[in-house]
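Sequences listed follow chains A and B, in order.
No gaps in the numbering here: position 281 of the first sequence is 281 in the numbering used here, and each next residue is one more.
No gaps in the numbering here: position 44 of the second sequence is 44 in the numbering used here, and each next residue is one more.
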Amino acid sequence: MLELVDISKRFKKTEAVKSLNMFIEQGEIIGLLGPNGAGKSTAISILSTLIEPTQGDVRFFKKSVIKKPSPLRKAIGVVPQEIALYPQLSAEENLLFFGRIYRLKGSELKKRVNEILEQIGLTEKRKALVESFSGGMKRRLNIGVAMLHRPQILIMDEPTVGIDPQSRSYILETVKRLNKENQMTVVYTSHYMEEVDYLCDRIYIMDQGNLIASGTKEEIKQILSSENTISIEADHWNNAFITHLKEHESINNVHVEEKEITLITPKEVNLFTEIISMTEEYDIALRSLHVKSPTLEDVFLHLTGRALRD
Amino acid sequence: MSGMQVLIQKEWLESMRNGKWIWLPIAFAILAMSQPLTMYYMPQLLEIAGGLPEGAVIDIPAPSGEEVLSGVLSQYTFLGTLLFVLAAMNVIVHERNNGSIIFISVRPVSALSYILSKWISLLVLYLISFMISFVIAWYYTNILFSMVSAAKLFGSIGIYSIWLCFLVALVLSVSTFLKSNSSIAGVSIGILAILALASELAPVYMKWSPTQLQSQAVQALQQTIISDLWLPITVTVLVTIFLLCLAIWRMKQWDYSGH
Ligand SMILES: Nc1ncnc2c1ncn2[C@@H]1O[C@H](COP(=O)(O)OP(=O)(O)O)[C@@H](O)[C@H]1O
Ligand SMILES: [Mg+2]
Numbered sequence: 001m002l003e004l005v006d007i008s009k010r011f012k013k014t015e016a017v018k019s020l021n022m023f024i025e026q027g028e029i030i031g032l033l034g035p036n037g038a039g040k041s042t043a044i045s046i047l048s049t050l051i052e053p054t055q056g057d058v059r060f061f062k063k064s065v066i067k068k069p070s071p072l073r074k075a076i077g078v079v080p081q082e083i084a085l086y087p088q089l090s091a092e093e094n095l096l097f098f099g100r101i102y103r104l105k106g107s108e109l110k111k112r113v114n115e116i117l118e119q120i121g122l123t124e125k126r127k128a129l130v131e132s133f134s135g136g137m138k139r140r141l142n143i144g145v146a147m148l149h150r151p152q153i154l155i156m157d158e159p160t161v162g163i164d165p166q167s168r169s170y171i172l173e174t175v176k177r178l179n180k181e182n183q184m185t186v187v188y189t190s191h192y193m194e195e196v197d198y199l200c201d202r203i204y205i206m207d208q209g210n211l212i213a214s215g216t217k218e219e220i221k222q223i224l225s226s227e228n229t230i231s232i233e234a235d236h237w238n239n240a241f242i243t244h245l246k247e248h249e250s251i252n253n254v255h256v257e258e259k260e261i262t263l264i265t266p267k268e269v270n271l272f273t274e275i276i277s278m279t280e281e282y283d284i285a286l287r288s289l290h291v292k293s294p295t296l297e298d299v300f301l302h303l304t305g306r307a308l309r310d
Numbered sequence: 001m002s003g004m005q006v007l008i009q010k011e012w013l014e015s016m017r018n019g020k021w022i023w024l025p026i027a028f029a030i031l032a033m034s035q036p037l038t039m040y041y042m043p044q045l046l047e048i049a050g051g052l053p054e055g056a057v058i059d060i061p062a063p064s065g066e067e068v069l070s071g072v073l074s075q076y077t078f079l080g081t082l083l084f085v086l087a088a089m090n091v092i093v094h095e096r097n098n099g100s101i102i103f104i105s106v107r108p109v110s111a112l113s114y115i116l117s118k119w120i121s122l123l124v125l126y127l128i129s130f131m132i133s134f135v136i137a138w139y140y141t142n143i144l145f146s147m148v149s150a151a152k153l154f155g156s157i158g159i160y161s162i163w164l165c166f167l168v169a170l171v172l173s174v175s176t177f178l179k180s181n182s183s184i185a186g187v188s189i190g191i192l193a194i195l196a197l198a199s200e201l202a203p204v205y206m207k208w209s210p211t212q213l214q215s216q217a218v219q220a221l222q223q224t225i226i227s228d229l230w231l232p233i234t235v236t237v238l239v240t241i242f243l244l245c246l247a248i249w250r251m252k253q254w255d256y257s258g259h
């Protein structure tokens, strides 16, 4: 339905997106995963015709929309990364204003605004000024605005950044429901792999402007089918232990966090006993050690050698 | 153009909420009223301030009503312009910086209706603040000094209003190029200062300049026939249209990637 064909975008020196191919079919939830600066927002802005690519084409039902964006623009709702609302107007006034911009009128407009307020769970707060809202409420209204004109495709740029867990799961549920009940197609950008894992049918993973993996969740996790992820938990580490792990010939990847170290190792070698004796040798109070099934985070770690949220 | 009414409505609703529709008219009214009042009470004020030798007679000739109102106009030129620039500097930038422009620009809103709606809503705010305060000043002047005819007053208001059209277009146009409030205010005031300075230093060469309208608004209070009026009016109208076109052109160049 909607395609990016060999898209590149250069801003003066930075190449934000490098020959990206992407397709979106009716009714899918597509995830675009990658750390900050990966080029997600740029890719999404090109997809929604807000910026022109340096190279490549954007096609909607097989027709290029770079020069003639209006059919696509009517079909999409864009939820920008920033809160794009008027803080001095109430929730309802914001919706009414954007609804009128979208050429809705009279009783139809009122009805639609009521529906949206219901969907985003802000009916009670309709008269309150947006400046008094919590981050999560603003985010929800931001999404509501993008849905006013009943878009076929909802394009969301990191809609859960910086909000409380309740609002976050509320948003995730809403997206899921919109997709199920209204057959809305969704493009969902995030640097939280759990969200993408939970919501999306197909996933594109970007890093530094490059597409590093794409496919269904299962296909992507297959990338790690020949490897195991081992997680070691302890209260603290010492450098000698970490160095030893990093220099170990059967360990492909070592990722250190405060209380957890994640290793990626080939399936055929069993390092369990070796790691346990190493923790004794380096005097580390081991709390747990287990083999995990791979997550998208591990795939990213495997492909780039870095964690998503470094 | 159908979107314009919606945009203007929203501008006004916002200006009501953030108090621009209150503080700007009040500030202008205080500015305008203070001129006739201080001029009237000047002798008493000097006396209270003291420092005059015993027996000295303060002999300030009472100014005419026209002179007092001319003083009011020059207050607008300095403080009034400054207040307006402060009120207007963020009207475009805040929408670009908070991203709401993205919602607007993916919809069928043309740059033309966007810029015109900003211009009209600011101009109406400015004109109303200016006119109400000027009429108040006129009222006090008539009571405290000599009578100034309504015809002269409205002639002066008319000429000054054309200048304001230019001023609003200038600030808007500058706002489409810059992204911080302070640089917008700085550049706008800088351009106005250069124009004013040029008129001061080389009046012969600046007969066409929009700033000319300010002194002609003063002339209009004092005499019925004003010299060389049509040249600056024509130029000002053309420059205003040019500035609005420039703003529209510039808006089409914006990129919306959020950087
Ligand atoms: N308008 C712009 N001008 C210059 N550089 C930009 C612009 N937009 C994005 N970039 C750069 O392109 C890269 C990708 O940015 P972005 O698409 O915002 O990534 P993400 O959304 O994944 O965090 C970054 O290095 C960013 O600094
Ligand atoms: Mg981004």
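All C-beta atoms, glycine included, are put in the ideal place defined by N, C-alpha and C.
Check: In chain A, which residues lie less than 8 Å from phenylalanine 103(B) when you measure between Cβ atoms?
Finding: Val78, Pro80, Ala84, Phe98, Ile101, Val145, Ala146, listed in chain order.
Next item on the list: Determine the chain A residues that contact arginine 17(B) at a beta-carbon separation under 8 Å, and present them in chain order.
Entry: Within chain A, the residues near arginine 17(B) are Gln88, Leu89, Leu129.
Notebook entry, point to check: How should leucine 104(A) be labelled, buried or exposed, when 16 other C-beta atoms within 10 angstroms of its C-beta is the threshold for buried?
Noted result: That one is buried.
Item checked: CA nearest to the CA of phenylalanine 166(B), picked from Ser110(B), Val235(B), Asn98(B) -> Taking only the C-alpha atoms, the option nearest phenylalanine 166(B) is Val235(B).
Item checked: CB of proline 53(A) within 7 Å of CB of lysine 13(A), strictly -> In terms of Cβ geometry, proline 53(A) and lysine 13(A) do not form a close pair [threshold 7 Å].
Notebook entry, point to check: Using a C-beta cutoff of 7 Å, does serine 100(B) count as contacting chain A?
Noted result: At least one chain A Cβ lies under 7 Å of serine 100(B).
Note to self: Could you tell me the alpha carbon to alpha carbon distance between tryptophan 23(B) and leucine 86(B), rounded to whole angstroms?
What the structure shows: Cα to Cα, the separation comes out at about 11 Å.
Item checked: Own chain residues within Cβ distance below 8 Å of isoleucine 92(B), not counting five before or after -> Within the same chain, isoleucine 92(B) has close Cβ partners Lys118, Leu172, Ser175, Thr176.
Notebook entry, point to check: the segment 40–60 of chain A: which residues have C-beta closer than 7 Å to a C-beta of chain B, in chain order?
Noted result: Those would be Ser41, Thr42, Ser45, Ser48, Leu50, Ile51, in chain order.
Note to self: On the criterion of 16 or more Cβ atoms from any shown chain inside 10 Å, does glutamate 3(A) qualify as buried, or is it exposed?
What the structure shows: Buried, by the Cβ-count rule.
Next item on the list: Indicate whether alanine 240(A) and leucine 286(A) have their beta-carbon atoms separated by less than 7 Å.
Entry: With a cutoff of 7 Å on beta-carbon distance, alanine 240(A) and leucine 286(A) are scored as not near each other.
Checklist line | Interface partners of leucine 320(B) on chain A, CB under 8 Å | finding: As shown, chain B starts at 1 and ends at 259. That puts residue 320(B) outside it, with no answer to give.
Note to self: Assuming the contact rule is C-beta atoms closer than 8 Å, methionine 39(B) and glycine 71(B) should be a hit. Round their C-beta distance to whole Å, please.
What the structure shows: About 7 Å; that satisfies the 8 Å criterion.
Check: For glutamate 219(A), which of His255(A), Arg126(A), Thr229(A), Ile205(A) has the nearest alpha-carbon?
Finding: Residue Ile205(A) is the option with its Cα nearest to glutamate 219(A).
Next item on the list: Assign leucine 148(A) to buried or exposed, taking buried as 16 or more other Cβ atoms, counted over all protein chains shown, within 10 Å of its Cβ.
Entry: Under this definition leucine 148(A) is a buried residue.
Notebook entry, point to check: Cβ-heavy atom distance between glutamine 81(A) and ligand 4 below 6 Å?
Noted result: Ligand 4 is absent from the structure shown, which contains only ligand 1 and ligand 2.
Notebook entry, point to check: Regarding lysine 40(A) and ligand 2, is the C-beta to nearest heavy atom distance less than 6 Å?
Noted result: It does: the Cβ of lysine 40(A) is within 6 Å (strictly closer) of some heavy atom of ligand 2.
Next item on the list: Check whether the Cβ of valine 72(B) lies closer than 7 Å to any Cβ atom in chain A.
Entry: Chain A contact via Cβ: absent.
Item checked: Residues of its chain near serine 277(A), where Cβ-Cβ distance is below 8 Å and the 5 sequence neighbours each way are ignored -> Taken in chain order, the list of residues that qualify is empty.
Margin query: Helix, strand or coil for aspartate 197(A)? Go by DSSP, reduced to three states.
Written below: If DSSP states are grouped into helix, strand and coil, aspartate 197(A) belongs with the helices.
Note to self: Within 8 Å, do at least three Cβ pairs link the segment 93–100 of chain A to the segment 158–165 of chain A?
What the structure shows: Contact fails: fewer than three Cβ-Cβ distances are below 8 Å.
Notebook entry, point to check: Taking Cβ positions, are glycine 111(B) and lysine 252(B) nearer each other than 7 Å?
Noted result: For the sequence presented, residue 111(B) should be read as alanine rather than glycine. Against a cut-off of 7 Å, the Cβ pair of lysine 252(B) and alanine 111(B) comes out as a contact.
Next item on the list: Just the C-alpha distance for isoleucine 191(B) and glutamine 214(B), rounded to the nearest angstrom, thanks.
Entry: Roughly 16 Å separates the two Cα atoms.
Check: Any heavy atom of ligand 1 within a distance shorter than 6 Å of the CB on glycine 37(A)?
Finding: Within the cutoff, so yes.
Check: Is histidine 236(A) buried or exposed, if buried means 16 or more other CB atoms sit within 10 Å of its CB?
Finding: Histidine 236(A) comes out exposed.
Item checked: Sequence ranges, beta strand (DSSP E) only - wholly within the segment 46–98 of chain A, length at least 3 -> Runs of the beta strand (DSSP E) inside the segment 46–98 of chain A: 55–60, 76–79.
Next item on the list: State the DSSP-derived secondary structure class of alanine 62(B), mapped to helix, strand or coil.
Entry: Under the three-state reduction of DSSP, alanine 62(B) is assigned to coil, being neither helix nor strand.
Check: Taking Cβ to Cβ, would you say alanine 38(A) is nearer than 7 Å to aspartate 207(A)?
Finding: Cβ atoms of alanine 38(A) and aspartate 207(A): closer than 7 Å.
Next item on the list: List the residues of chain B whose Cβ lies closer than 7 Å to the Cβ of glutamate 93(A), in chain order.
Entry: Simply Leu13.
Margin query: Using only the alpha-carbon positions, how far apart do methionine 4(B) and leucine 116(B) sit?
Written below: Rounded to the nearest whole angstrom, the CA to CA distance from methionine 4(B) to leucine 116(B) is 8 Å.
Check: Which residues in the same chain have their Cβ closer than 7 Å to the Cβ of glutamate 28(A), if we skip the five residues on either side of it in sequence?
Finding: The beta carbon of glutamate 28(A) sits closer than 7 Å to the beta carbons of Thr185, Asp201, Arg202 from its chain, once the five residues preceding and following it are set aside; these are given in chain order.
Note to self: For chain A, check one thing: does any of its Cβ atoms lie closer than 7 Å to the Cβ of valine 109(B)?
What the structure shows: With a threshold of 7 Å between beta carbons, valine 109(B) makes contact with chain A.
Next item on the list: Within the same chain, show all residues whose beta-carbon is closer than 6 Å to that of leucine 178(B), passing over the 5 residues directly before and after it, in chain order.
Entry: Sequence-distant Cβ neighbours of leucine 178(B) in its own chain, meaning closer than 6 Å and more than five residues away, are Ile184.
Next item on the list: Evaluate the contact criterion for the segment 123–135 of chain A versus the segment 78–98 of chain A: three or more CB pairs, one atom per stretch, below 8 Å.
Entry: When Cβ pairs closer than 8 Å are counted between the two stretches, the segment 123–135 of chain A is seen to touch the segment 78–98 of chain A, the count reaching three or more.
Check: Expressed to the nearest angstrom, what Euclidean distance is found between the alpha-carbon atoms of methionine 131(B) and lysine 152(B)?
Finding: It is roughly 14 Å from the alpha-carbon of methionine 131(B) to the alpha-carbon of lysine 152(B).
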